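Written out below as structure tokens is the structure these notes cover.
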Amino acid sequence: MKNNIDLEDLKTAYCYKSNKELKFTYFIFRILQNQKLVKLLISFTNSILKYNLPFKFIIKKTVFNVFCAGEDIDTAFKKINYLEKFKVKSVLDYVSEGENNDESFDANTKIIVSNIIRLGKECPGNYISVKISGLENPKFLAYCNGMEFVNDLIISPRFDRLISRIDLICKTARDSKVILFIDAEDRCMQDLFDKITETMMEKYNKDYAVVFNTLQMYLKDRLNYLNTLIEAADRKNYVPGIKLVRGAYVEKEREKAIKEGKIPPVFDTKKETDDSFNQAVEICLREFKKVDSCIATHNNDSTIHAINCIHKYNITNHYSKVRFSQLYGMSDNLTFNLSINGYNSSKYLPYGEVKKAIPYLIRRSEENSSIDGQIIDEVIRLKKEIERRDKL
Ligand SMILES: Cc1cc2nc3c(=O)[nH]c(=O)nc-3n(C[C@H](O)[C@H](O)[C@H](O)COP(=O)(O)OP(=O)(O)OC[C@H]3O[C@@H](n4cnc5c(N)ncnc54)[C@H](O)[C@@H]3O)c2cc1C
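Take 102 as the starting number for the sequence shown in the working numbering and just add one per residue.
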């Protein structure tokens with residue numbers, strides 16, 4: 102375990118990419134750098150969705166290829182096995198956004214359960230992630246948000262079906278020894294997700310965290326929530342799994358609140374979000390005896406802060422207590438340099454039909470084209486590595 106690790110060792114960062122793949126990734130990121138072009142492409146993509154236009158192959162060969170593991174589970178497993186060669190773990194994420202009926206939610210549950218069982222058998226040590234909005238309609242979830250389900254007030258056959266789906270997924274994860282990350286989504290559903298996830302953690306996180314909740318640290322209320330969660334878990338005698346992210350819906354949350362005449366739930370500035378994220382890292386790692394954590398970020402400073410905390414709090418068993426994770430296609434410099442230096446690092450690996458992955462791809466494209474985003478660094482790194490290889 103090294104303290105001063107070089108997160109800019111580009112040979113290590115891109116060791117898993119061929120020259121051709123590296124140049125192609127550079128080409129896609131150069132396109133994503135152009136905000137106007139990205140806006141145009143996004144409206145074009147929305148039309149593809151709306152009118153079912155036959156341009157799937159263009160998306161499949163471009164952004165899908167860079168940010169997703171493939172359309173089917175066998176291709177995704179090949180990628181998991183390939184990344185394992187570099188000591189990088191995967192968080193398998195079946196992407197299925199925008200579903201609207203019970204049959205699809207049951208089908209999604211079945212797929213996730215079968216993926217967990219297969220991961221446990223074929224690729225132990227890798228993870229799974231779940232979006233609750235893939236198991237129920239977001240409108241129904243938002244309606245239930247804030248209601249007190251533990252006191253039976255919103256118990257309905259439909260709500261029971263949702264809980265049964267989530268419970269089956271969590272139980273399968275526990276039985277298969279596969280760690281499960283429950284993603285955070287829109288704020289209007291998050292209170293409900295927190296309550297459901299806490300219930301599952303209390304049930305399944307006895308010796309270690311099987312189930313992880315995700316905390317979006319751009320939300321002003323999250324540091325308080327984090328402290329309350331750790332205290333409650335301690336009292337109820339379970340290990341909370343806490344995945345920290347900054348949050349993917351900052352503009353959407355702000356615009357929605359303003360439209361409804363409310364105070365936005367997200368911080369006003371990037372600096373406040375950064376401070377809140379880094380404080381949460383410090384709390385989780387300081388409390389490492391009580392908490393299992395996942396630092397999910399592409400931010401170099403936050404990653405270095407987490408490494409420093411591992412040393413400051415002398416977390417000798419950090420491999421099983423602190424995980425790092427980046428999205429597939431982004432910040433390879435962090436993932437691969439962390440793993441080669443003995444840290445537990447992984448890639449979030451989405452797979453699924455191109456059409457169902459489009460909302461995910463739009464989020465990645467918007468994030469990468471935003472001024473505050475880290476795309477400039479990403480492009481510089483890719484270019485440097487291409488030049489280094491060209492000189493060989
Ligand atoms: C492994 C992994 C899993 C993820 N899972 C989830 C998830 O479950 N739910 C989810 O919502 N997101 C998730 N994300 C995405 C994440 O929330 C961020 O959008 C993304 O990682 C960019 O943030 P960053 O920490 O990498 O750093 P940076 O690029 O340094 O920060 C960008 C982030 O800062 C915040 N920000 C930017 N400008 C402002 C501003 N003006 N005011 C306030 N805040 C601002 C936003 O959150 C923005 O996304 C995940 C990311 C990773 C790497």
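For glycine and all other residues, C-beta sits at the position ideal for the given N, C-alpha and C. Here the structure is a predicted model, which means the values were calculated and not measured.
Residue state for P365 is assigned as coil, using DSSP reduced to three classes.
Within 6 Å of the C-beta of H399 there is at least one heavy atom belonging to ligand 1. When rounded, the separation of the alpha-carbon atoms in P451 and C169 is 5 Å. The bridge partners DSSP lists for T315 are K344.
Contact check for F241 and R259: beta-carbon distance about 7 Å, within the 8 Å limit, so the pair qualifies. A distance below 7 Å separates the beta carbons of I106 and N438. A397 has S426 as its beta-bridge partners, per DSSP.
Distance from the CA of L462 to the CA of V164, rounded to the nearest whole angstrom, comes to 7 Å. Between the alpha carbons of V196 and R489 lies a distance of about 35 Å. When the alpha-carbon of E373 is set against those of N469, Y319, L428, the nearest one is in Y319. Judged by DSSP secondary structure, L193 falls within the beta strand (DSSP E) whose first and last residues are 190 to 195.
N166 and I160 have their C-alpha atoms some 8 Å from each other. Counting only the Cα atoms, K337 lies some 44 Å from D110. For A381, the shortest separation between its Cβ and any heavy atom of ligand 1 does not lie below 6 Å. For S230, the secondary structure class from DSSP, reduced to helix, strand or coil, is strand.
Secondary structure at N135: coil, using DSSP grouped into helix, strand and coil.
If you draw a straight line from the Cα of F294 to the Cα of N135, it is about 36 Å long.
V279 and K492 have their C-alpha atoms some 43 Å from each other. Below 8 Å, too few C-beta pairs join the stretch 136 to 144 and the stretch 474 to 482 to call them touching: fewer than three.
Taking the Cα positions, Y420 is about 15 Å away from K344.
When distances are taken from the beta-carbon of R347 to the heavy atoms of ligand 1, the shortest one is below 6 Å. DSSP places L327 inside the alpha helix (DSSP H), whose first and last residues are 323 to 337.
Our two residues, D369 and E286, have alpha carbons roughly 19 Å apart in a direct line.
Relative to the non-hydrogen atoms of ligand 1, the Cβ of Q317 comes within a distance shorter than 6 Å of at least one. Only exposed fits I364, as fewer than 16 other CB atoms lie within 10 angstroms of its CB.
Per DSSP, reduced to three states, the secondary structure at N246 is coil, with no helix or strand assignment. At a cut-off of 6 Å, the beta-carbon of K179 does not count as near ligand 1: no heavy atom of the ligand is closer than that. Residue S432 holds the alpha-carbon nearest to the alpha-carbon of N400 among C410, S257, S432.
In summary, G235 is buried, with 16 or more beta-carbon neighbours lying within 10 Å of its beta-carbon over all protein chains present.
The criterion of a C-beta distance shorter than 7 Å is satisfied by S377 and L324. Here the alpha carbon of R387 sits roughly 35 Å from the alpha carbon of L483. Within the chosen limit of 6 Å, ligand 1 does not reach the beta carbon of D322 with any heavy atom.
Not one heavy atom of ligand 1 sits closer than 6 Å to the Cβ of V480. A straight-line Cα-Cα distance of about 21 Å links E352 and N379. In this structure, I384 and L327 form a Cβ contact; the two beta carbons are roughly 6 Å apart against a cut-off of 8 Å. Bridge pairing for N445: R424 [DSSP].
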